[in-house]
Amino acid sequence: MKSYFKLVIFAISMLVVGCKQENRNVTFFKDTKAYDLAKAVEKEDLDKIESIVQNDKKLLEVIDPVSGSNVLSLALTLENFESFKKLLELKANPNFINPLTKRSILIDACTFYNKPEPYTIDLRYIRLLLEKGANPNYILENDFTDKEGNYHMATSALHEASALDLGMVKILIKAGANPYKKLEQNQSTPFSSALKGFKNKFEITNYYIDSLNVDLKEPLGIVNRQPSNELVEFYIQDYINKFFSYEKGTEGYQKTQKLIEKLKNKGVNFNNYEYKM
Numbered sequence: 432m433k434s435y436f437k438l439v440i441f442a443i444s445m446l447v448v449g450c451k452q453e454n455r456n457v458t459f460f461k462d463t464k465a466y467d468l469a470k471a472v473e474k475e476d477l478d479k480i481e482s483i484v485q486n487d488k489k490l491l492e493v494i495d496p497v498s499g500s501n502v503l504s505l506a507l508t509l510e511n512f513e514s515f516k517k518l519l520e521l522k523a524n525p526n527f528i529n530p531l532t533k534r535s536i537l538i539d540a541c542t543f544y545n546k547p548e549p550y551t552i553d554l555r556y557i558r559l560l561l562e563k564g565a566n567p568n569y570i571l572e573n574d575f576t577d578k579e580g581n582y583h584m585a586t587s588a589l590h591e592a593s594a595l596d597l598g599m600v601k602i603l604i605k606a607g608a609n610p611y612k613k614l615e616q617n618q619s620t621p622f623s624s625a626l627k628g629f630k631n632k633f634e635i636t637n638y639y640i641d642s643l644n645v646d647l648k649e650p651l652g653i654v655n656r657q658p659s660n661e662l663v664e665f666y667i668q669d670y671i672n673k674f675f676s677y678e679k680g681t682e683g684y685q686k687t688q689k690l691i692e693k694l695k696n697k698g699v700n701f702n703n704y705e706y707k708m
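Shown next as structure tokens:
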């Protein structure tokens with residue numbers, strides 16, 4: 432009887448596995464020649480990936496019509512690193528630019544990952560892209576709205592990384608990323624992204640100040656305020672005031688006070704400053 436139940440459980444588990452729903456990002460390739468390759472990427476079937484690509488290398492260039500991805504960016508979206516690595520070994524383009532979002536795959540790789548858990552930092556993707564020749568200085572200079580009405584913000588790999596992780600920032604700079612390069616859109620710097628960052632913003636901010644010697648007195652961004660059409664320059668005081676607002680007595684508050692003291696010692700004037708944020 433026990434053996435019977437084991438067989439039933441095994442049969443049910445196989446049925447569940449067999450009925451596993453295909454990821455929607457793979458489905459986007461359904462009407463393209465790269466659909467079989469996309470399915471192999473999802474399954475991380477490395478032998479099949481190699482076989483398909485060796486038979487037709489142009490499949491690496493196929494774009495899905497929905498998201499604008501190719502199979503390399505699909506592997507990144509699925510967070511299937513072995514498929515990602517195999518595709519790059521087979522000469523997938525490390526400088527792929529999504530024709531819909533205008534973002535490079537390196538920019539997209541500068542993100543939080545969901546494997547093995549949400550908000551994971553996984554540096555393998557950007558390391559591999561850079562090793563294969565990805566351009567660390569590609570910039571999406573201006574915000575734009577695509578033909579579907581989706582809004583995309585100006586950015587660069589270093590702007591994205593500066594809001595996330597110091598290790599990511601250091602890898603990009605070591606590969607040649609310019610830490611002082613401003614976006615055309617609003618003249619914002621990577622340093623401004625660090626100041627708006629997440630849990631690691633103190634260490635990233637201090638790295639820009641102590642190791643990269645950023646100009647602490649230049650504007651960090653310019654905004655065209657409507658309806659007055661007034662150009663407003665934001666300085667580091669504005670960013671500290673808006674993005675470093677912690678409750679008194681907390682660790683964040685104490686770190687902020689140390690940061691403010693450091694900035695004052697470097698000549699940043701917080702007295703009688705007219706805040707714009």
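Count along the sequence shown from 1, then add 431; that gives the number in the working numbering.
For every residue, glycine included, the Cβ atom is placed at its ideal position computed from N, Cα and C.
Since this is a predicted model, take the numbers as computed values, not measurements.
- Close CB contacts of R558 within its chain, under the 8 angstroms cut and outside five residues either way in sequence, are with I602 (chain order).
- The C-beta of R555 has fewer than 16 other C-beta atoms within 10 Å across all chains shown, which makes the residue exposed.
- The Cβ-Cβ distance between I536 and F527 falls below 8 angstroms.
- Here the alpha carbon of P549 sits roughly 42 angstroms from the alpha carbon of N703.
- When secondary structure is reduced to three states using DSSP, I494 falls in the coil class, being assigned neither helix nor strand.
- DSSP, reduced to helix, strand and coil, places Y639 within a helical segment of the structure shown.
- G652 counts as buried, since no fewer than 16 other beta carbons sit within 10 angstroms of its beta carbon.
- Burial state of Q668 is buried, judged by a 10 Å Cβ sphere holding 16 or more other Cβ atoms.
- Between Y706 and the set N568, P650, T532, A506, the nearest pair of CA atoms involves P650.
- If you look at R555, you'll find it in the alpha helix (DSSP H) that goes 555-562.
- Counting along the chain, no alpha helix (DSSP H) covers I653; the unbroken beta strand (DSSP E) around it starts and ends at 652-656.
- DSSP places V663 inside the beta strand (DSSP E), whose first and last residues are 661-665.
- Close CB contacts of L643 within its chain, under the 7 angstroms cut and outside five residues either way in sequence, are with P610 (chain order).
- F633 sits in a helix when the DSSP states are folded into three classes.
- D539 and E520 have their alpha carbons spaced roughly 19 angstroms apart.
- Around the beta-carbon of N511, 16 or more other beta-carbon atoms lie within 10 Å, marking it buried.
- With respect to the 8 angstroms criterion, L531 and S504 are not classified as neighbours on the basis of their beta carbons.
- Relative to the Cα of Q452, the nearest Cα in the group E473, T463, D462 belongs to E473.
- In this structure D495 is buried. Its beta-carbon is surrounded by 16 or more other beta-carbon atoms within 10 angstroms.
- Burial check for F515: the Cβ neighbour count within 10 Å reaches 16 or more, so the residue is buried.
- Close CB contacts of K612 within its chain, under the 8 angstroms cut and outside five residues either way in sequence, are with N568, I570, S587, L589, T620, P621 (chain order).
- With contacts defined as CB atoms closer than 8 angstroms, V502 and L509 fail to qualify as a contacting pair.
- In this structure, the CA atom of S623 is about 11 angstroms from the CA atom of E591.
- The Cβ atoms of T463 and V493 lie closer than 8 angstroms to each other.
- Residue pairing of T508 in beta bridges, as defined by DSSP: absent, with no partner found.
- Look at T532 here: in three-state DSSP terms it is coil, with no helix or strand label.
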